[in-house]
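Here is the structure we will look at, set down as structure tokens.
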Amino acid sequence: MSITKESELIGMKEISEVVGTTLKLMREYAKVGMSTKELDEYGGYILKSYGAKSAPYETYGFPGYTCISINEEAAHGIPSEKKVLKEGDLINIDVSAELNGFWSDNGGSFVLGKDVHNHQPLVDASKNILHKAIGQIKGGVKIADIGYLIETEAKKSGFKVIKNLAGHGVGRSLHEEPDNILNYRVRTNRERFKKNTTVAIETFISTNSTIAVELNDGWTLVGNKGGYVTQHEQTILVTDKHPVVLTESNGIWD
Numbered sequence: 001m002s003i004t005k006e007s008e009l010i011g012m013k014e015i016s017e018v019v020g021t022t023l024k025l026m027r028e029y030a031k032v033g034m035s036t037k038e039l040d041e042y043g044g045y046i047l048k049s050y051g052a053k054s055a056p057y058e059t060y061g062f063p064g065y066t067c068i069s070i071n072e073e074a075a076h077g078i079p080s081e082k083k084v085l086k087e088g089d090l091i092n093i094d095v096s097a098e099l100n101g102f103w104s105d106n107g108g109s110f111v112l113g114k115d116v117h118n119h120q121p122l123v124d125a126s127k128n129i130l131h132k133a134i135g136q137i138k139g140g141v142k143i144a145d146i147g148y149l150i151e152t153e154a155k156k157s158g159f160k161v162i163k164n165l166a167g168h169g170v171g172r173s174l175h176e177e178p179d180n181i182l183n184y185r186v187r188t189n190r191e192r193f194k195k196n197t198t199v200a201i202e203t204f205i206s207t208n209s210t211i212a213v214e215l216n217d218g219w220t221l222v223g224n225k226g227g228y229v230t231q232h233e234q235t236i237l238v239t240d241k242h243p244v245v246l247t248e249s250n251g252i253w254d
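Pasting the structure below:
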């Protein structure tokens with residue numbers, strides 16, 4: 001959305017603080033032996049305590065308050081009592097919600113407990129690349145150039161990017177224009193970031209795959225060539241200088 005008055009900025013800051021805090025608390029709450037359903041219920045409780053509504057549930061009828069993807073799952077993992085967290089699991093939590101007509105979105109991947117499967121390099125690459133990409137965004141910058149930066153940095157780290165998942169505009173709904181903030185450069189895309197708009201920037205960094213494919217449950221995405229995928233996401237306000245990270249309360253860069 002385009003921020004045109006102070007009340008809109010306040011609304012976006014409030015909901016961004018909520019989803020950021022929810023993500024941080026869920027990450028801290030996750031323990032070995034806990035089901036992803038229990039972790040999701042905790043996230044839903046936090047959102048409700050703020051008066052916020054789960055965006056995937058409200059918008060798409062998603063069967064959970066948050067998306068929790070484990071190990072080979074790339075995105076949109078369904079919380080389940082049958083999925084029990086184990087030491088060294090690669091976990092991604094994506095939290096998006098609505099409050100007072102404003103929507104915000106954030107996510108992050110992390111290793112639970114000891115990194116027994118050596119997932120941390122992939123997590124760090126995703127985190128660091130997002131930080132670098134957001135640092136380059138301001139009004140007038142080509143969206144395709146940020147995609148080029150993300151893919152180039154992923155290759156430098158020995159990884160790939162998922163090409164059919166993207167960042168997007170956010171604000172008055174969960175997904176708005178621009179809806180094509182991809183993790184690679186599309187040369188024909190001449191669209192530029194606009195000052196005073198709110199967008200969700202997200203990295204999808206992978207070990208093997210370049211395309212996410214949907215499982216039979218109609219939600220869960222996995223890589224087309226297997227392996228693992230990490231995602232980190234922040235909602236930002238684009239300015240003519242350094243962007244304002246609205247969801248920084250998630251602490252994914254701490």
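FYI, the numbering for the sequence shown is 1 to 254, going by the UniProt record's numbering.
Glycine residues also receive a C-beta, built at the ideal position from the N, C-alpha and C atoms.
- Approximately 14 Å separates the beta-carbon atoms of Leu112 and Glu73; this is outside 8 Å, ruling out the contact.
- Note on the region 14-90: whole beta strand (DSSP E) runs with a minimum of 3 residues are 67-70, 73-75, in chain order.
- Scanning its chain for C-beta atoms nearer than 6 Å, with the 5 sequence neighbours on each side dropped, one finds around Leu130 the residues Thr203, His232, in chain order.
- According to the DSSP assignment, Gln120 belongs to no beta strand (DSSP E) but to the alpha helix (DSSP H) extending over 120-135.
- Note on geometry: alpha-carbon atoms of Asp94 and Glu151 lie some 21 Å from one another.
- Bounds of any beta strand (DSSP E) do not take in Ala166, whose DSSP letter is neither H nor E.
- The beta carbon of Thr239 lies closer than 8 Å to those of Lys138, Gly139, Lys195, Asn196 in the same chain, with the five residues before and after it left out.
- Judged by DSSP in its simplified three-state form, Asp145 adopts helix.
- With a 10 Å radius around the Cβ and a threshold of 16 neighbouring Cβ atoms, Arg27 comes out buried.
- The straight-line gap separating the alpha-carbon atoms of Lys132 and Ile201 is approximately 11 Å.
- Under the three-state reduction of DSSP output, Ser109 falls in the strand class.
- The residues Arg185, in chain order, have a CB closer than 6 Å to that of Tyr148 in the same chain once the five nearest residues on each side in sequence are set aside.
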